[in-house]
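J.:
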Amino acid sequence: MAKLPEPVTKAIMERFPKAELIKAEKETDDGKVKYEVKIRTEGKEKEVDVSAEGVILKVDDED
Numbered sequence: 010m011a012k013l014p015e016p017v018t019k020a021i022m023e024r025f026p027k028a029e030l031i032k033a034e035k036e037t038d039d040g041k042v043k044y045e046v047k048i049r050t051e052g053k054e055k056e057v058d059v060s061a062e063g064v065i066l067k068v069d070d071e072d
């Protein structure tokens, strides 16, 4: 997760300690930067939206 800002990486690793990064995209929504991060943890894929400040905004399970 080297390409992500430290607050984003920290938030994901605190919530999902065994997370493996699959991909990440930087997005701007209504002038606010957020990161859409796809991870694999405990055999499942999840999509996690995280603010640039490191606040987890949303977690979706991928099918």
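Convert by adding 9 to the 1-based position in the sequence shown; the result is the number in our numbering. No residue lacks a Cβ here, since even glycine has one placed at the ideal position from N, Cα and C.
Name the two residues that bound the continuous alpha helix (DSSP H) containing ALA20.
T.: Its alpha helix (DSSP H) spans residues 15-24.
J.: What would DSSP say about ASP69, mapped onto helix, strand or coil?
T.: Residue state, collapsed to three classes: strand.
J.: Check the DSSP bridge columns for ALA33 and list the partner residues they point to.
T.: Bridge partners of ALA33: VAL46.
J.: Using 8 Å for Cβ pairs, my map puts GLU54 next to LYS47. What's the rounded Cβ distance?
T.: The pair is a contact, with the Cβ atoms about 6 Å apart (cut-off 8 Å).
J.: By the three-class DSSP mapping on this structure, what secondary structure does ASP39 have?
T.: Three-state result, ASP39: coil.
J.: Can you give me the Cβ contacts of LYS19 inside the same chain, cut-off strictly under 7 Å, excluding the 5 residues immediately before and after it?
T.: Same-chain partners within the cutoff: GLY63.
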